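Report on one structure; see the data block that follows.
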Amino acid sequence: MFEKEILQPVMANLERFSERNAFCIENKFYTYNDFSNAIKRICSLLQISEIKGRNIGLVTNNDLETYASIFALWLEGYSYVPLHINQPIDRCYNIIEQVGITTILDSSKHSRYKKSMLINTNEKGHINSDFTIKQHVTDSDLAYILFTSGSTGVPKGVTISRGNIAAFINSFWATGIQINENDRCLQCFDLTFDVSVQCYLSALIKGACVFTVPYMEGKYLYVAGLMEEYGLSFAVMAPSMLRYMQPFFEQIDMTKLKSCILTAEACPKKLLECIYTYNSQIQLFDFYGPTEATVYCTYYELSNNGLNKDLNGIISIGRPLKNVSSIILREDGTECKCNEKGELCVAGLQITPGYWNNIEKNSSSFFEYELDGRFVRFYKTGDLCYKDEDGDIMYSGRIDNQVKIQGYRIELGEIEFQAREFLPNKNVVCLAKEINDIVTLFLVIEGEEFATQELVSYLGSKLPSYMIPTHILFVKEFPLNSSDKVDRRKMKLIIG
Numbered sequence: 104m105f106e107k108e109i110l111q112p113v114m115a116n117l118e119r120f121s122e123r124n125a126f127c128i129e130n131k132f133y134t135y136n137d138f139s140n141a142i143k144r145i146c147s148l149l150q151i152s153e154i155k156g157r158n159i160g161l162v163t164n165n166d167l168e169t170y171a172s173i174f175a176l177w178l179e180g181y182s183y184v185p186l187h188i189n190q191p192i193d194r195c196y197n198i199i200e201q202v203g204i205t206t207i208l209d210s211s212k213h214s215r216y217k218k219s220m221l222i223n224t225n226e227k228g229h230i231n232s233d234f235t236i237k238q239h240v241t242d243s244d245l246a247y248i249l250f251t252s253g254s255t256g257v258p259k260g261v262t263i264s265r266g267n268i269a270a271f272i273n274s275f276w277a278t279g280i281q282i283n284e285n286d287r288c289l290q291c292f293d294l295t296f297d298v299s300v301q302c303y304l305s306a307l308i309k310g311a312c313v314f315t316v317p318y319m320e321g322k323y324l325y326v327a328g329l330m331e332e333y334g335l336s337f338a339v340m341a342p343s344m345l346r347y348m349q350p351f352f353e354q355i356d357m358t359k360l361k362s363c364i365l366t367a368e369a370c371p372k373k374l375l376e377c378i379y380t381y382n383s384q385i386q387l388f389d390f391y392g393p394t395e396a397t398v399y400c401t402y403y404e405l406s407n408n409g410l411n412k413d414l415n416g417i418i419s420i421g422r423p424l425k426n427v428s429s430i431i432l433r434e435d436g437t438e439c440k441c442n443e444k445g446e447l448c449v450a451g452l453q454i455t456p457g458y459w460n461n462i463e464k465n466s467s468s469f470f471e472y473e474l475d476g477r478f479v480r481f482y483k484t485g486d487l488c489y490k491d492e493d494g495d496i497m498y499s500g501r502i503d504n505q506v507k508i509q510g511y512r513i514e515l516g517e518i519e520f521q522a523r524e525f526l527p528n529k530n531v532v533c534l535a536k537e538i539n540d541i542v543t544l545f546l547v548i549e550g551e552e553f554a555t556q557e558l559v560s561y562l563g564s565k566l567p568s569y570m571i572p573t574h575i576l577f578v579k580e581f582p583l584n585s586s587d588k589v590d591r592r593k594m595k596l597i598i599g
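Quick look at the structure:
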């Protein structure tokens, strides 16, 4: 499936659309021929290198070489493990050690990693005349491993197979989304976030041009500039970015945007429907999915009739994709009735083989359930949902202590863990609160107030920027519940 759904179409487009633009990166255009030559050159570098193992680190620079590296690795039978250029080096080395990575592809002029591990993808080398797809690689082999936040303070790796991606792409086209070689497609997500996979793959499979966004503060301004200057026709973004861009809709010709996907966060109905004011013909979707289900697993197509379904102002996440099954279960493991809330669980060809070397997490996150007379492996999403009379799924929030910030799903426990590492004698609790539809983090510390500059600096050295609490509060004594545990419900009253 992977070869048919992914590699063959992209390889064909490298020749078919050789003179057309494949990428626009920081206002510089690269043709499909440029992309092809970069892939061939990196394939050659991989072939002459002594590489141990199949999982290769990839430093996620915003350049042609990084995107070419992904396809070179896939063609040579490897998987990639993205290493963010701006995340703390300790976190990246933790990932490297967990996976046992011995080789890292990096296009940086000055790399942060050991020279003995590096392949410089800017290095000039022999360019093979054509591509060879490794025949010994199967759909069960890994395509990438993405590391998400872990409650123990250690990131956990989600493995995604080639078959998972192929099933996802097959599901994606079945939604009715249309992309062709004339489209200009936005890719504004970090390569450490799985939505990026859909953004670059769906465009390259159809011969379209990918417009990337550099790592920067205020990305929305850059995206608004791209839309205004180049008239992007297909966009995928988080609702929070859309909210920041809203004031610019008057100056952007929104009529050129034929399709838009909102994802990565709960989607406010009013925010989405405001797009119709500027483009009444736009095809608008809400896509939902945990990393473990390969990018998206459900979708809801909106309509310009004011009748879109919502729960407490949040748009429905719709129905499962073609290659996904879903059930909603009570705490006792029995299936919920119509309109009854429970935990959303998903199964199918898109579901991850499991977490990397994490038996405990695998046993708690996956289970067998009898469906249509046979036992099927399901993943627990941790999301509280219900199905309405039409079979559409309504999202009601997180069951556990995870939240989504800037599209990233994080464990509040990881932030607490790092805070306790710095403050071993203090009780700390991290809480999230939605302020003007934006999730904000609060770190609450038990005890007398003190200067927090060193604490914030320490957290910045251990955690990505989006996980640093923006508010730090002090409480004389934490409230406890009947089990002598910190009462998080009462704690939330403290932050208002």
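The sequence shown runs contiguously to residue 599 in the working numbering. The beta carbon of each residue, even a glycine, is placed where N, CA and C say it ideally should be. If you're wondering where the values come from, they're calculated on a predicted model, not measured in any experiment.
Item checked: Neighbourhood of T163 by C-beta distance below 7 Å, restricted to the same chain and skipping five residues each side -> Translated into positions along the sequence shown, residue 163 becomes position 60. Contacts found: T169, P185, L186, H187, I188, D293, L294, T295.
Next item on the list: Ignore the nearest five residues each way along the sequence and tell me which others in E179's own chain have a CB closer than 8 Å to its CB.
Entry: Indexing the sequence shown from 1 puts residue 179 at position 76. Correct list, in chain order: C146, L149, Q150, K237.
Margin query: Could you compute how far the alpha carbon of T484 sits from the alpha carbon of T455?
Written below: Looking up residue 484 in the sequence shown gives position 381. Looking up residue 455 in the sequence shown gives position 352. C-alpha separation (whole angstroms): 12 Å.
Next item on the list: Using only alpha-carbon positions, find the residue among F275, G550, T380 that is nearest to S406.
Entry: Along the sequence shown, read from residue 1 onward, the residue named residue 406 stands at position 303. Comparing Cα-Cα distances from S406 to each of F275, G550, T380, the minimum goes to T380.
Next item on the list: Counting only runs of 3+ residues fully inside the region 184-234, write out the beta strand (DSSP E) ranges in chain order.
Entry: At a cut-off of 3 residues, the continuous stretches assigned as beta strand (DSSP E) that sit fully inside the region 184-234 are 207-209, 221-223.
Notebook entry, point to check: Just checking, does the region 324-336 make contact with the region 356-366 on the three C-beta pairs under 8 Å criterion?
Noted result: yes
Check: Is the number of C-beta pairs between the region 267-283 and the region 391-400 that are closer than 8 Å three or more?
Finding: yes
Note to self: Looking at D286: is its Cβ nearer than 8 Å to the Cβ of F337?
What the structure shows: Stepping through the sequence shown from its first residue, residue 286 is reached at position 183. Stepping through the sequence shown from its first residue, residue 337 is reached at position 234. Their beta carbons are under 8 Å apart, which means D286 touches F337 by this criterion.
Item checked: Environment of C441 [buried if 16+ CB atoms lie within 10 Å] -> In the sequence shown, the residue the question calls residue 441 occupies position 338. Looking at its Cβ environment, which holds fewer than 16 other Cβ atoms inside 10 Å, C441 is exposed.
Item checked: Boundaries of the beta strand (DSSP E) in which I538 is found, first to last residue -> Within the sequence shown, numbered from 1, the residue matching residue 538 stands at position 435. It spans 531-538 - the beta strand (DSSP E) in which I538 sits, taken as one unbroken run.
Check: In the region 107-179, which residue ranges form an unbroken beta strand (DSSP E) of at least 3 residues, counting only runs that do not cross its ends?
Finding: 124-128, 131-134, 158-162
Margin query: Just to check my reading of the structure: L324 and L289 have Cβ atoms closer than 8 Å, yes? What is that Cβ distance to the nearest angstrom?
Written below: In the sequence shown, residue 324 corresponds to position 221, counting from 1. In the sequence shown, residue 289 corresponds to position 186, counting from 1. The pair is not a contact, with the Cβ atoms about 14 Å apart (cut-off 8 Å).
Next item on the list: Would you kindly check if the distance between the Cβ of V261 and the Cβ of I248 is under 8 Å?
Entry: Numbered from its first residue, the sequence shown carries residue 248 at position 145. Numbered from its first residue, the sequence shown carries residue 261 at position 158. For I248 and V261, yes; Cβs fall inside 8 Å.
Next item on the list: With DSSP collapsed to three states, give me the class of R592.
Entry: As a first step, residue 592 must be located in the sequence shown, where it is residue number 489. Three-state result, R592: helix.
Item checked: Delimiting residues of the beta strand (DSSP E) encompassing S264 -> Here residue 264 refers to the residue found at position 161 of the sequence shown. Looking at the DSSP string, the run of the beta strand (DSSP E) that includes S264 is 259-264.
Checklist line | Residue burial classification, L245 (beta-carbon count within 10 angstroms, cutoff 16) | finding: For the purposes of this step, residue 245 is taken as the residue at position 142 of the sequence shown. Buried: at least 16 other Cβ atoms inside 10 Å.
Next item on the list: Excluding the 5 residues preceding and the 5 following S429 in the sequence, name in chain order all residues of the same chain whose CB lies nearer than 6 Å to its CB.
Entry: As a first step, residue 429 is located in the sequence shown; it is residue number 326 there, counting from the start. Same-chain partners within the cutoff: P423, V449.
Next item on the list: Mind checking which residues open and close the alpha helix (DSSP H) that includes R346?
Entry: Sequence index remark: in the sequence shown, residue 346 carries index 243 (1-based). Per DSSP, R346 belongs to the alpha helix (DSSP H) from 342-348.
Notebook entry, point to check: CB-CB under 6 Å to A270, same chain, minus the five flanking residues each way: which ones, in chain order?
Noted result: Working through the sequence shown from its first residue, we reach residue 270 at position 167. These residues qualify, in order along the chain: N426, L452, Q453.
Notebook entry, point to check: Roughly how many whole angstroms lie between the Cα atoms of S586 and K593?
Noted result: Taking the sequence shown and counting its residues from 1, the one referred to as residue 586 is at position 483. Taking the sequence shown and counting its residues from 1, the one referred to as residue 593 is at position 490. Residue confidence is low: S586 scores 39 on pLDDT, short of 50, so the model does not pin down where it sits. Its coordinate-derived value is still stated next. The alpha-carbon atoms of S586 and K593 are separated by roughly 14 Å.
Margin query: Looking only at its chain, what residues have a beta carbon closer than 7 Å to the beta carbon of Q281, apart from the 5 residues adjacent to it on each side?
Written below: Locating residue 281 in the sequence shown gives position 178, counting from the first residue. Nothing meets the Cβ criterion.
Check: Looking at Y498 and I602, is the spacing between their C-beta atoms short of 8 Å?
Finding: Examination of residue 602 is not possible in this model, given that the chain is present from 104 through 599 alone.
Notebook entry, point to check: Considering only residues of the same chain and omitting the five flanking positions on each side of P404, which have a CB-CB separation below 6 Å?
Noted result: For the purposes of this step, residue 404 is taken as the residue at position 301 of the sequence shown. Just to set this straight, residue 404 is Glu in the shown sequence, not Pro. Around E404: F388.
Notebook entry, point to check: Quick one: complete alpha helix (DSSP H) runs, 4+ long, within the region 545-582?
Noted result: Taken in chain order, the complete alpha helix (DSSP H) segments of 4 or more residues contained in the region 545-582 are 556-565.
Check: Could you give the distance in angstroms between the alpha-carbon of K227 and the alpha-carbon of R144?
Finding: Position 124 of the sequence shown, counted from the start, is the residue given in the question as residue 227. Position 41 of the sequence shown, counted from the start, is the residue given in the question as residue 144. One C-alpha to the other measures close to 7 Å.
Next item on the list: Hey, could you find the ends of the alpha helix (DSSP H) V326 is sitting in?
Entry: Taking the first residue of the sequence shown as 1, we reach residue 326 at position 223. V326 -> alpha helix (DSSP H) spans 322-333.
Margin query: Could you compute how far the alpha carbon of A115 sits from the alpha carbon of L576?
Written below: Position 12 of the sequence shown holds residue 115. Position 473 of the sequence shown holds residue 576. Looking at the two C-alpha atoms, the distance is approximately 57 Å.
Checklist line | Where Q301 falls: helix, strand or coil (DSSP) | finding: For the purposes of this step, residue 301 is identified with residue 198 of the sequence shown, where counting begins at 1. Q301: helix per DSSP, three-state reduction.
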